[in-house]
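The block underneath contains the structure these notes are about, expressed in structure tokens.
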Ligand code: ADP
Ligand code: MG
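In the UniProt record's numbering, the protein residues as written are 1 to 375.
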């Protein structure tokens, strides 16, 4: 769908008031837009930077209608909203991201089927509904395997790594509760991701290839530019994906690179992504800036310039406990705190970005700082 460029003073409605919603709102306000946000959590990070807040569940039809009535455009910060409801909203309101990407990507099975259809390289997988399917899958894929729920997983939640027969029981329990997919567990050499923004006019603007390290399946750090020769190949894979999935706005494709240097598409997030946060300081446009430009129908920059290489570290509750006292001593850390009142060891509370001429050295320095971290 094509739509008119929104003028300054127009209102952007955001579904979801977490840190991504907050950083979208900050970009939007910089450009002169007003922001209204809906979130079930009264204390959500975006609330305090938005002009208006609707306190409601994401399945509250009246509240979503109210958001639509008050907004010139609607965007969302996460993929676990009902695609049916989103589809219904697109009939009345301006939602450039559309519902199709959500519909496909909130279900790991249809996500993988679309990736196959796009002819991208993905990790061998099987769909399993019961114990017999699991046994068959193990025969076909061999150990180790990773089981992932079809719906609702994030940051490694809803996933079980099965290395051998001994830890099969937990997998069986999970399958009893939810439909799953099983993947071969890859011997990963490196994880990378590519953030890209698609404009209203289909302009595709790439951010630099991002090198990611996960710990306990949660993003630990991102380095740009990635120390990898896979940028061109990753861009090609992303192009294949945009040929089959209609989308406007910022999204990220996560990849694995295995020990044989083969690139696999892992998953797609149809929204700004944690591994793109460095762009706020390290690039001439942040992933949130380009997202807002796209959904408000403005022209995108042809390319993103990296102003300086960067190391981005996530700050979970456990990391804040460890490093908070040092923030005042390190203005070069560019600390972002999201403003969540409830601190938990594995909850993302913020992140920090270090601009550097030597990512290897900065990486070593940061690893030392995070060393006392309770894993
Ligand atoms: P989430 O939606 O939780 O981000 P992912 O599928 O991206 O789910 O998995 C989270 C992390 O778990 C990945 O970034 C990677 O580190 C690890 N992982 C997931 N699947 C595999 C796999 N098939 N082989 C090896 N590691 C994996
Ligand atoms: Mg992931």
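All C-beta atoms in this analysis are idealised placements derived from N, C-alpha and C, irrespective of residue type, glycine included. Just so it is clear, the structure is predicted and the values come from calculations on it, not from any experiment.
If I follow the unbroken alpha helix (DSSP H) through residue i, where does it start and stop?
| i | result |
| --- | --- |
| residue 102 | 100-105 |
| residue 214 | Run containing residue 214: none in the alpha helix (DSSP H); it sits in the beta strand (DSSP E), 210-215. |
| residue 136 | 131-141 |
| residue 123 | Residue 123 -> no alpha helix (DSSP H), and no H or E assigned at all. |
| residue 362 | 359-369 |
Quick check: does the Cβ of residue i come within less than 7 Å of any heavy atom belonging to ligand 2?
| i | result |
| --- | --- |
| residue 266 | yes |
| residue 377 | In the structure as shown, the chain starts at 1 and stops at 375, and residue 377 therefore has no counterpart that could be examined. |
Under the three-state reduction of DSSP, which class applies to residue i: helix, strand or coil?
| i | result |
| --- | --- |
| residue 148 | strand |
| residue 1 | Annotation note: pLDDT 45 at residue 1 (below 50); position unreliable, no value reported. |
| residue 21 | helix |
| residue 348 | strand |
| residue 28 | helix |
| residue 201 | coil |
| residue 336 | strand |
| residue 322 | helix |
| residue 298 | coil |
| residue 177 | helix |
| residue 264 | strand |
| residue 10 | coil |
| residue 327 | helix |
| residue 288 | helix |
| residue 269 | strand |
| residue 195 | strand |
| residue 168 | coil |
| residue 186 | coil |
| residue 252 | strand |
| residue 356 | coil |
| residue 230 | coil |
| residue 240 | helix |
May I ask you to check if the CB of residue i is nearer than 7 Å to at least one heavy atom of ligand 1?
| i | result |
| --- | --- |
| residue 127 | no |
| residue 214 | yes |
| residue 191 | yes |
| residue 156 | yes |
| residue 122 | no |
| residue 185 | yes |
| residue 188 | yes |
| residue 160 | no |
| residue 148 | yes |
| residue 153 | yes |
| residue 203 | no |
| residue 217 | yes |
I'd like to check one pair, residue j with residue i: are the Cβ atoms closer than 8 Å?
| i | j | result |
| --- | --- | --- |
| residue 105 | residue 296 | no |
| residue 101 | residue 244 | no |
| residue 68 | residue 44 | no |
| residue 182 | residue 268 | no |
| residue 107 | residue 151 | yes |
| residue 251 | residue 266 | no |
| residue 221 | residue 368 | no |
| residue 209 | residue 190 | no |
| residue 194 | residue 282 | no |
| residue 138 | residue 147 | no |
| residue 85 | residue 59 | yes |
| residue 174 | residue 160 | yes |
| residue 225 | residue 335 | no |
| residue 241 | residue 92 | no |
| residue 316 | residue 366 | no |
| residue 16 | residue 34 | no |
| residue 272 | residue 288 | yes |
| residue 94 | residue 74 | yes |
| residue 321 | residue 370 | no |
| residue 14 | residue 46 | yes |
Between which two residues does the beta strand (DSSP E) harbouring residue i extend?
| i | result |
| --- | --- |
| residue 246 | Counting along the chain, residue 246 falls outside any beta strand (DSSP E), and DSSP gives it neither H nor E. |
| residue 310 | 310-316 |
| residue 280 | That residue, residue 280, is in no beta strand (DSSP E); its alpha helix (DSSP H) goes 279-282. |
| residue 306 | Per DSSP, residue 306 belongs to no beta strand (DSSP E) and is neither H nor E. |
| residue 221 | 218-224 |
| residue 160 | 159-162 |
Is there a Cβ from chain B that is less than 8 Å from the Cβ of residue i?
| i | result |
| --- | --- |
| residue 203 | Absent from the structure is chain B; it holds one protein chain and no more. |
4 or more residues per run - each alpha helix (DSSP H) lying fully within the region 40-113: 61-70, 83-92 and 100-105
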